[in-house]
Amino acid sequence: MSQANRGVVYKGPGKVDVESIPYPELALGNRKCDHGVILKVVTTNICGSDQHMVRGRTTAPSGLVLGHEITGLVVECGRDVEFIKPGDLVSVPFNIACGRCRNCKEGRTGICLNVNPARPGAAYGYVDMGGWVGGQTEYVMVPYADFNLLKFPDADQAMEKIRDLTLLSDIFPTGFHGCVTAGVGPGSTVYIAGAGPVGLAAAVSAQLLGAACVIVGDMIEERLAQARSFGCETIDLTQDGDMADKIEAILGEREVDAFVDCVGFEAHACGCNHGKEAPATVLNSAMQLTRAGGQIGIPGLYVTEDPGAVDDAAKQGALSMRFGLGWAKSHSFHTGQCPVMKYHRPLMQAILFGKVKIADAVNVQMISLDQAPQGYADFDGGAAKKFVIDPHGSVAA
């Protein structure tokens, strides 16, 4: 007798529903998936990347089961799984990686060559990322389990810090990766574009890396207040004025050492034009505000197809960047998915040993699976919260 399962399903622009879906099988199409496991999902998070799909800004098909930020309890293992066992509590990197291809062997798990027939790289529940069933569900199948999964050393201890540890599947490593690729280190001055959950995760990551001053820019006061709550300087991007002047008012200098773009392709202009979409504005600001020889980390998502873009060029991912300025200043640009496995174990240790309180920084709010549609609506409305779904009521209030 097959077990029940439910999940969050994209139904078209602006609409998600919680529906009954098939219980996962250890299978890839018509063949068995002996290297996979089935998880009972303990927590699964709503991501800003999910919102791009729900807003209708991608080619995501109706019926897609959403969710790529997954933490769960192993309930069944395939025949070839050697080191993960039923009962293990694990974090699932959002990147699906085979562990066998050239890129995986080089640690570039965000662009695995064997898990998506259309392009390098795959993720759960995401458009153009291999067709894998998402994890905003009660149960989900995870392939290549021995390679992908991070087992928490003590399940009881992990449950006590699950609000923090749930963020290891994506946004904490992604924010940290943005800072690492921007060259953040002890004494750095850093500008973080965007105070959504990834921007806030990047801000606390910059502090963890030893930054002297972290400046966060956003258009929503509630999010800026959240950044200030753990020691960041902030800039309200709805206000008129030159960005370099605003940086100088904080630092005494007009440029920063490191710039992290946590906004992506749905960026808006600043000041009196803040209601107008301008997809290249953050990238152009990065080149203006980063010192010569500095680095620019770009964890914010940019797409190859945007049906809702402001012009025909942007619909194909072609943006009007002043690239000559970046060239003249010898900037380094770092793009692409975060290779989660590069960071998730050390960041787990930082959480378990009390070196960082990432859940407080991003303002985690636990919700039930049935509350997920409202969570999407609140997130889209600019709530300064990271919504974490608890499908089985596993997490104590």
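In terms of this note's numbering, the sequence shown is residues 684 to 1080.
We put the beta carbon where it would ideally sit given N, CA and C, even for glycine.
Taking each of A710, D733 and R791 in turn and checking the Cα distance to V691, the smallest one comes out for D733. By the neighbour-count criterion, in which a residue is buried when 16 or more other Cβ atoms sit within 10 angstroms of its Cβ, S888 is buried. Around the C-beta of E765, fewer than 16 other C-beta atoms lie within 10 Å, and the residue is accordingly described as exposed. L892 places its beta carbon less than 9 Å from that of F859.
Note on geometry: alpha-carbon atoms of G755 and S852 lie some 11 Å from one another. Here the alpha carbons of N831 and A801 stand approximately 21 Å from one another. If you draw a straight line from the Cα of K844 to the Cα of Q819, it comes to about 20 Å.
Per DSSP, the beta bridge partners of K723 are L756 and Y822. Distance from the CA atom of G900 to the CA atom of Q909, rounded to whole angstroms, is 12 Å. Its Cα nearest to that of C953, the residue L920 stands out among L920, A932 and G976. Membership of Q840 in the alpha helix (DSSP H) is indicated by the continuous run A838 to E843.
Three or more pairs of CB atoms, one per stretch, sit closer than 8 Å, so the region 689 to 704 contacts the region 736 to 743. Excluding residues up to 5 positions away in sequence, V810, D811, E988 and P990 lie with their Cβ nearer than 8 Å to the Cβ of T742 in the same chain.
At least 9 Å separates the beta-carbon of A961 from that of F942. With contacts defined as CB atoms closer than 9 Å, T857 and A886 fail to qualify as a contacting pair. Its chain contains L833 as the residues whose beta carbon lies nearer than 8 Å to that of R1028, once the 5 sequence neighbours on both sides are disregarded; these appear in chain order.
Cβ contact annotation for I1050 (same chain, cutoff 8 Å, sequence separation greater than five): Q1057, G1058, F1070, V1071, I1072 and D1073, in chain order. Within the region 840 to 884, the alpha helix (DSSP H) runs of at least 4 residues that lie entirely inside it are, in chain order, 845 to 848 and 854 to 864. Using a Cβ distance threshold of 9 Å, S1015 and G877 do not count as a contacting pair. For Y985, same chain residues with a beta-carbon under 7 Å away, outside a window of 5 residues either side, are G947, F948 and G1000 in chain order.
Counted as a single uninterrupted DSSP element, the stretch harbouring I704 is not any beta strand (DSSP E), since DSSP gives it neither H nor E. By the Cβ-count criterion, N688 is buried, with 16 or more other Cβ atoms from all chains shown falling within 10 Å of its own Cβ. Of the other Cβ atoms in all chains shown, fewer than 16 fall within 10 Å of the Cβ of N713; this residue is therefore exposed.
DSSP places V1078 in no alpha helix (DSSP H); its state is neither H nor E. Beta-bridge analysis with DSSP links F1016 to I979.
By the CB criterion at 9 Å, I704 and V816 fall inside the cutoff. Note that the C-beta distance between V720 and G761 is below 9 Å.
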